[in-house]
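These protein sequence lines are chains A and B, in that order. Everything in the first sequence is counted per the numbering used here, starting at 1 for the first residue and increasing by one. Everything in the second sequence is counted per the numbering used here, starting at 1 for the first residue and increasing by one. Glycine included, C-beta positions come from ideal geometry on N, C-alpha and C. I have placed the structure first, in the form of structure tokens, so that the comments after it can refer back to it.
There are 2 protein chains.
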Amino acid sequence: MDDSPKGTRDLSTRDTILAAAEKLFVERGFAATSVSRIAQEAKVTKSLIHHYFGSKEQLWHEVKNSRLIEYFEIQRRELAVTEPDVQCLMDAVTRYFNLFRDNPQLARLISWHIIESEKDAHGDERELTLLGIEKLRDGQKEGHLRSDVDPRYILISFFCLVTHWFQAKHEYLKWLGMDPKSAKADEDYLQALLKVFFEGVLPR
Amino acid sequence: MDDSPKGTRDLSTRDTILAAAEKLFVERGFAATSVSRIAQEAKVTKSLIHHYFGSKEQLWHEVKNSRLIEYFEIQRRELAVTEPDVQCLMDAVTRYFNLFRDNPQLARLISWHIIESEKDAHGDERELTLLGIEKLRDGQKEGHLRSDVDPRYILISFFCLVTHWFQAKHEYLKWLGMDPKSAKADEDYLQALLKVFFEGVLPR
DNA sequence: ATGTTGATTGGCCGACCGGTCAATCATTAG
DNA sequence: CTAATGATTGACCGGTCGGCCAATCAACAT
């Protein structure tokens with residue numbers, strides 16, 4: 001039978017709590033979310049949350065880890081089929097961008113993870129990053145990418161261009177007087193991102 | 001004489017509180033920081049904080065606004081002396097980058113501001129952004145910048161490249177197994193940023 | 001039927017939260 | 001000297017926090 005470590009066979013209630021917790025944590029962050037509020041959202045008692053997850057911290061880690069591991073898994077698969085030629089890289093960038101576009105909680109989860117900067121090291125992250133850098137290095141060796149920039153910083157600048165857009169677009173679009181919920185903005189920004197990242201803002 | 005609205009002539013204590021509040025808010029964000037903790041940090045009583053600032057929210061806004069207004073002012077001055085030619089733009093990018101490098105609280109303050117996404121609109125932000133876009137448009141008209149990318153998204157992608165670096169570098173450097181406190185990393189990233197932003201990652 | 005096990009509840013705890021208030025202290029003006 | 005004013009304190013408020021616990025409930029194995 002199912003022999004999960006703590007003996008929780010019924011997953012539906014547990015998942016209900018997990019979903020409620022994710023919603024609130026993603027919305028307000030760890031500190032601003034109370035266990036009782038999560039209980040209310042999941043329509044269970046506070047005690048039940050402690051029964052399943054032990055503590056608020058553990059629940060938060062459970063929420064984060066489940067999402068992040070899922071995200072790493074997707075990335076790993078994506079990376080495996082990516083060849084270091086230009087078209088393939090542009091497709092990979094687009095898929096990465098769309099992953100965030102289609103999972104808005106992901107960007108916020110990462111935001112909270114980064115800003116609250118906890119010590120938990122994932123290993124997954126590191127492995128995945130090194131894999132990406134290797135791919136970029138291949139691209140450089142084959143002449144698809146310029147070789148006078150450290151591939152580590154190429155990768156980071158790419159992360160910046162995608163991650164920060166989804167973290168802050170509501171703010172920037174507000175500054176520009178544009179509709180913060182417009183799907184058009186995502187599409188337009190992606191096109192600009194591809195041009196800037198691959199070709200730069202100087203005329204060729 | 002000094003006739004500040006609430007009649008607080010002694011600024012030193014007030015500033016002590018402000019500094020303590022900034023330190024803790026920047027470190028942990030609004031929700032995770034308690035008034036008593038700020039009082040302890042500033043070595044005053046909790047009551048005194050309410051005496052000077054009314055409420056925790058008002059203190060938070062005071063902290064944020066004072067810093068952000070200062071930052072906007074610097075930016076406005078920078079922008080005024082920036083010509084839209086390539087060398088001048090690269091200098092402006094570098095100065096903008098160094099502003100964040102030398103004021104680490106600024107990036108975190110903006111992080112908290114963005115992720116806790118409050119409704120307060122600064123006006124300053126909008127005006128400044130439009131000014132920057134105008135400058136970029138000039139650069140396009142004079143042929144210094146490519147004209148097939150919306151200057152609004154050029155500006156945003158630039159914000160992403162700088163802001164997110166300072167928000168997340170500790171995380172990324174950890175992934176790469178590099179020293180998160182290294183000043184060298186800032187310098188190296190800036191060089192990479194300039195190359196990528198202006199010329200792109202494709203060979204020329 | 002009975003005991004076992006885990007799901008679920010409501011009540012309770014001490015700690016801390018943000019905030020108020022009346023009482024002091026220090027300074028200075030009249 | 002005294003009145004006034006603001007700075008500063010400590011005690012206190014109601015409320016919420018995260019967490020604990022004993023009791024019940026439902027399902028199932030014996």
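| Item | Value |
| --- | --- |
| Selection of the segment 13 to 37 of chain B by Cβ proximity to chain A, strictly under 7 Å | 29, 31 and 32 |
| Residue 96 of chain A beta carbon less than 8 Å from that of residue 35 of chain A | no |
| Cutoff 8 Å: residue 149 of chain B Cβ touching any chain A Cβ | yes |
| Terminal residues of the alpha helix (DSSP H) in which residue 151 of chain A lies | 151 to 175 |
| Rounded straight-line distance, which links the Cα of residue 139 of chain A to that of residue 81 of chain A | 14 Å |
| Residue 3 of chain A burial status per 10 Å Cβ neighbour count (16 or more: buried) | Summary for residue 3 of chain A: the model assigns pLDDT 31, below 50, so the residue's position carries little reliability, and this model does not support an answer. |
| Sub-8 Å separation of residue 142 of chain B and residue 200 of chain A beta-carbons | no |
| Cβ-Cβ separation, residue 24 of chain A to residue 38 of chain A (assumed contact under 8 Å), whole Å | 6 Å |
| Contact set between the segment 53 to 68 of chain B and chain A, restricted to residues whose Cβ is under 9 Å from the partner | none |
| Residue 18 of chain A and residue 70 of chain A closer than 8 Å at C-beta | no |
| Boundaries (first-last residue) of the alpha helix (DSSP H) holding residue 137 of chain B | 124 to 141 |
| Chain B contact for residue 72 of chain A (CB, 8 Å cutoff) | no |
| Bounding residues of the alpha helix (DSSP H) (the contiguous stretch that carries residue 94 of chain B) | 86 to 102 |
| Residues near residue 111 of chain B by beta carbon distance below 6 Å, same chain, minus five either side | 167 |
| Straight-line Cα distance separating residue 192 of chain B from residue 202 of chain A | 15 Å |
| Beta-carbon proximity of residue 22 of chain B to residue 105 of chain B, cut-off 8 Å | yes |
| Chain B residues whose Cβ lies nearer than 9 Å to that of residue 99 of chain A | Residues of chain B passing the Cβ test: none, with the nearest at roughly 17 Å. |
| Residue 198 of chain B: first and last residue of the uninterrupted alpha helix (DSSP H) it sits in | 183 to 199 |
| Coarse secondary structure for residue 36 of chain B, derived from DSSP in three states | helix |
| Residue burial classification, residue 45 of chain B (beta-carbon count within 10 angstroms, cutoff 16) | exposed |
| Test: residue 167 of chain A CB closer than 8 Å to a CB of chain B | yes |
| Residue-chain proximity (residue 160 of chain A, chain B), Cβ-Cβ < 8 Å | yes |
| Beta carbon proximity, residue 153 of chain B to chain A, threshold 8 Å | yes |
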